[in-house]
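So the structure is just underneath, and the comments pick up after that.
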Amino acid sequence: MRVYADNAATTQVSRSALEAMLPCFTEYYGNPSSMHQSGQDAARLLINARETMAKYLGASPNEITFTSGGSEADNQAIISAALRGARKGKKHIISTKFEHHAVLHAVEKLGKEGFEITLLDVHEDGIVRLPKLEAAIRPDTALVTVMYANNEIGTIQPISEIGALCREKGVIFHTDAVQAAGHLEIDVTKQNIDMLTLSAHKFHGPKGIGLLYCRKAIPLSTLIEGGAQERGKRAGTENIPAIVGMAAAFREACENMAVNMPRVRALRDRLIDGVLARIPEVILNGDREKRLPGNANFSVTGIEGESLLLLLDNAGICASSGSACTSGSLDPSHVLLAIGLPHETAHGSLRLTLSEYNTQEEIDYIIEALPPIVEKLRMMSPVWKKK
Amino acid sequence: MRVYADNAATTQVSRSALEAMLPCFTEYYGNPSSMHQSGQDAARLLINARETMAKYLGASPNEITFTSGGSEADNQAIISAALRGARKGKKHIISTKFEHHAVLHAVEKLGKEGFEITLLDVHEDGIVRLPKLEAAIRPDTALVTVMYANNEIGTIQPISEIGALCREKGVIFHTDAVQAAGHLEIDVTKQNIDMLTLSAHKFHGPKGIGLLYCRKAIPLSTLIEGGAQERGKRAGTENIPAIVGMAAAFREACENMAVNMPRVRALRDRLIDGVLARIPEVILNGDREKRLPGNANFSVTGIEGESLLLLLDNAGICASSGSACTSGSLDPSHVLLAIGLPHETAHGSLRLTLSEYNTQEEIDYIIEALPPIVEKLRMMSPVWKKK
Amino acid sequence: MAYSQKVMDHFTNPRNVGEIEDASGVGEVGNMKCGDIMKIFLKIEDDIITDVKFNTFGCGAAIATSSMATELIKGKHVEEAMKLSNQAVVEALDGLPPVKMHCSVLAEEAVRSAIQDYYNKIGREMPEEYKLKCEGCCEDCSKK
Amino acid sequence: MAYSQKVMDHFTNPRNVGEIEDASGVGEVGNMKCGDIMKIFLKIEDDIITDVKFNTFGCGAAIATSSMATELIKGKHVEEAMKLSNQAVVEALDGLPPVKMHCSVLAEEAVRSAIQDYYNKIGREMPEEYKLKCEGCCEDCSKK
Ligand SMILES: Cc1ncc(COP(=O)(O)O)c(C=O)c1O
Ligand SMILES: Cc1ncc(COP(=O)(O)O)c(C=O)c1O
């Protein structure tokens, strides 16, 4: 049996997204900037996709800038807010300790360029506390950027409350919603979100496409200069197939969220309960309730993550340890350290992330396959106290 | 009849590129950073694609950085060279007056940040002169960036000579080869190219993917921060389907270049000869010989480009006037002004760009359709001296 | 940037294209730098515009607005024609893309310029509000 | 980052896993911060390694190098085992990904550390060149 349980790393493209994309490669392949029929056909697809994305985000179409993915959008959001802040003499940025590297590294770079950075604690449960944020906001705070849901431990942040607080304080609020989009309700207007990042390949859309929502009142700076695409905010021939695929996938995810997510949540709970019941000295990382419907993240005492993943892979199970981006590196996940795990436990983390494509049979297979693998590794571990 | 003659704006994806891409959406959809089988399958596709691109460019695989397209690669190249220059106290950049906006705007932005910019003249024939470049190079020149072939008038620059000169002078040489790649021979090693940009959608590959070649000795700066993809030089989950599609399209284009390009050139010559013979007061812009195999660019006295395009479109012919990116703007093309055309002629330009997908029948159709359309517009033009 | 059906109709089948040899008034506005030139010829009898023709160098919108403007003033009294607003032209064409609005302004100006010419010829004073002012749109004067 | 078949074989079917109760020498290297700990147990008779076992906490490469290192020194004279280089382990495994090379170093050190322990016990001096030096790889000391 093969089980793909690494949907936080990336997902397969849905049938309907792929079907929407296919004609864009060989039929509607025009450049939307072109005057002719072929170009105008592409331009219409672009307009429709923008409207779809805007609709399901509670935004206006002209507040949507398509980018090459989540990382680019995160970078552009943060740089834009920083430049705007600098013009007003505001050079303080607030984020959290467990943001994705696309946010953390962009913020750190600004730190080297004279900005002051406050990284909020995310506590043992992986959730930012509002009073701590409120205390951190200063008159010179240019930006608060807090992710909607964490990519490793899946914990959901109090985005609406943060949005309300930032609006009240007059501080720009950006949220990296890459893991939330398509899985959790988003309404940028109701939630007082000024800027939002999403990436299609996390909700069964194609890779290499994402977007940055930016509220009309807030000026966006350009990261990639050139042609006047995306209202001059993002140069480069528009990636129509991917944009169309993203819109189809997002529509599908949002329309079916109310049906799919409870199912995924039930699978996840079955998985969590099964693993905790069968394997001793395993803990669930991150708040049990306020977490993404598909996310299960465990610390397995006494064993190291990579060897666990390799044996799971031999059993046909695709899982991850820490985020996909940092595997291959020797450092334990900054997310797990941020929730206070000691190194030995952080090294032994296992992330299983489900989607609506997973079945109960698959979950039961994981629950069966995992215990002997853990046992085998623990038996050869000098750290595990053998019984 | 419908004729797509706007291949410099974008091309349709080739059958073999699309076939290479398809399994990446739903089968090999893993994240190459993931340890498991699904991720490693994707990683292998990535390695193979990088090797293919490197091979046909005369580069090493680790000199290739995949980007979201030509614009991003141009920006990253220029910013990297500028940052390197600045560290050494070199703040002079040389480019040309008719670069693509992705280069021009990036260079102009540096101009505002304290760099000194020299834009070389491209003369009436649209070709940079080597002695002028040599004269412009100074001890503090950080970068020479000259496009391989122009996107509007198709003229080919003396890249090998420029490469040799820059290497001799110790100046970084970047070339925007977006229009050349897949159509003209490229060998970065033989041609002494330090950095090179290409974009897949100009050679029947997918949109939203390109690359920056950067010679090992030259440090690349990061434009998009985040995960450690692309040796830490370009964050974001790799767009495997697009990368695989680009490699398939590039292989196809390079392998068939010797067969396809003479055919395309013959079609182009037939088109140029036909148009010049049938319509009075039309001139071919750019050198007749040193031009892209598929490019024909005319100035049609007495009429304006957009109205010409619209009528051609009504006749089923997709063409362009100026570059696709700037249409919708009121300014005449900076390229045509750079080769010294007066405004009235610059406004009346017509670009027809062919690929190996075009047929002789199509060319003959254009040659038939164009004269009455020009005649119609001239008849209502106050600028045209009616006979 | 998509044109309405009406615009495409007036662009592909422009009404009143041509010149009038012995025109009562001729107006020309625009310039080559901006890429639009409109020339309007009026035949006026008893202050009624009995015939109108145009020649236009310009984009689709420039040709369509010229065509529509000539249609709108044909048969009209010059004082009424003088009041033709660019907005009226745009509405009659079911709208124009934002970047093309200037074409409708040009059409309005071309009409007024032709009437001005007629007034000059017959020695009548154009009402101040309808006199053409330089809008500084072209490089010719604005950039000096 | 792809492992060779040999690495995967030694990882999935590691040889010599376990502990030796009355070991002649035991060596432990690595630490939790770096995420790798290797512990090697030697049974030595007449300076010949008659049995060897290991326990390892670490990635696939850490387990595979432990397994291979124990295979390579089994039945050898301690003086020969002492000379086991990380390069020899890597070669025997048909290579390691660059980011995993440190695991082979750890395996070399684990063997020497166990032999050192044996030498200490029998009061023999370890040749200077084979004595373990702190490589400063872990935060424990290097970041102080
Ligand atoms: C010469 C040249 N450079 C750069 C680009 C930008 O490439 P992309 O649209 O892939 O960003 C283009 C085409 O749009 C081009 O023709
Ligand atoms: C929370 C979060 N932010 C940003 C990203 C980056 O998105 P992308 O890979 O589309 O650049 C990811 C995923 O990789 C993510 O999980």
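Residue numbers (my numbering), protein chains in the order written: chain A, 1 to 387; chain B, 1001 to 1387; chain C, 2001 to 2144; chain D, 3001 to 3144. Note that the Cβ used here is the ideal one computed from N, Cα and C, for glycine as well.
| Asked | Found |
| --- | --- |
| Local Cβ density within 10 Å of B:R1288, reported as buried at 16 or more and exposed below that | exposed |
| 9 angstroms Cβ cutoff, A:M21 in contact with chain D | no |
| Residue-level contact to chain B via CB, A:A253, 9 angstroms cutoff | no |
| Rounded straight-line distance, which links the Cα of D:V3089 to that of B:T1011 | 52 angstroms |
| Closer than 7 angstroms at the beta carbon, the chain B residues around C:C2059 | E1304, E1306, S1307 |
| Separation of B:P1241 from B:P1032, as counted between CA atoms | 12 angstroms |
| Short CB-CB distance (under 9 angstroms) between B:E1344 and chain C | yes |
| Reduced DSSP secondary structure (H/G/I, E/B, other) of A:Y28 | coil |
| For C:F2057: DSSP bridge partner residues | C:I2037 |
| Complete runs of the beta strand (DSSP E) confined to the segment 254-301 of chain A [at least 3 residues] | 282-284, 295-300 |
| As assigned by DSSP and simplified to three states, the class of B:S1327 | With a pLDDT of 44 at B:S1327, under the threshold of 50, the modelled position of that residue is not reliable, and the figure given next carries that caveat. Residue state, collapsed to three classes: strand. |
| Where A:H174 falls: helix, strand or coil (DSSP) | strand |
| Validate contact between the segment 1109-1124 of chain B and the segment 1225-1238 of chain B using beta carbons, cut 8 angstroms, 3 pairs | no |
| Neighbouring residues, chain A, relative to D:T3056 (Cβ below 8 angstroms) | M380, S381, P382 |
| Straight-line gap, A:G126 to A:S381 (C-alpha atoms, nearest Å) | 29 angstroms |
| Residue-chain proximity (A:A9, chain D), Cβ-Cβ < 9 angstroms | no |
| Within-9 angstroms CB hit, A:G36 to chain D | Checking the sequence, you will find His at residue 36 of chain A rather than Gly. With 9 angstroms as the cut-off, A:H36 does not count as an interface residue toward chain D. |
| Coil, strand or helix - B:I1388 by DSSP | Residue 1388 of chain B lies beyond the stretch modelled for chain B, which goes from 1001 to 1387, so this question has no answer here. |
| Beta-ladder partner(s) of B:R1138, from DSSP | Beta-bridge pairing links B:R1138 to no other residue. |
| Limits of the beta strand (DSSP E) - the one that D:N3031 falls within | 3025-3031 |
| Straight-line gap, A:A277 to A:P372 (C-alpha atoms, nearest Å) | 14 angstroms |
| Chain B within 9 angstroms of C:V2111, Cβ atoms only | no |
| Neighbour flag for D:A3114 against chain A, beta carbons, 9 angstroms | no |
| Contact test: B:M1147 Cβ vs ligand 1 heavy atom, cutoff 8 angstroms | yes |
| Beta-bridge partners of A:A17, as assigned by DSSP | DSSP output for A:A17 lists no bridge partner at all. |
| Any non-hydrogen atom of ligand 2 closer than 8 angstroms to A:N151 Cβ | yes |
| Delimiting residues of the beta strand (DSSP E) encompassing A:Y213 | 210-214 |
| Three CB pairs or more closer than 8 angstroms across the segment 1056-1074 of chain B and the segment 1174-1192 of chain B | yes |
| Alpha carbon of B:K1207 to alpha carbon of B:L1018, nearest angstrom | 12 angstroms |
| Cutoff 9 angstroms: B:Y1004 Cβ touching any chain A Cβ | yes |
| Of the listed residues A:A164, A:E225, A:R251, nearest to A:F203 (C-alpha basis) | A:R251 |
| Cβ pair A:L311, A:L377 closer than 9 angstroms | yes |
| Test: C:A2023 CB closer than 9 angstroms to a CB of chain B | no |
| Per-residue burial, B:V1259 [other beta carbons within 10 Å of its own, 16 or more giving buried] | exposed |
| Inter-stretch contact at 8 angstroms, needing at least 3 Cβ pairs: the segment 3094-3108 of chain D / the segment 3012-3023 of chain D | no |
| Residues within the segment 2023-2046 of chain C neighbouring chain B, beta-carbon criterion of under 7 angstroms | E2028, M2032, K2033, C2034, G2035, I2037, K2039 |
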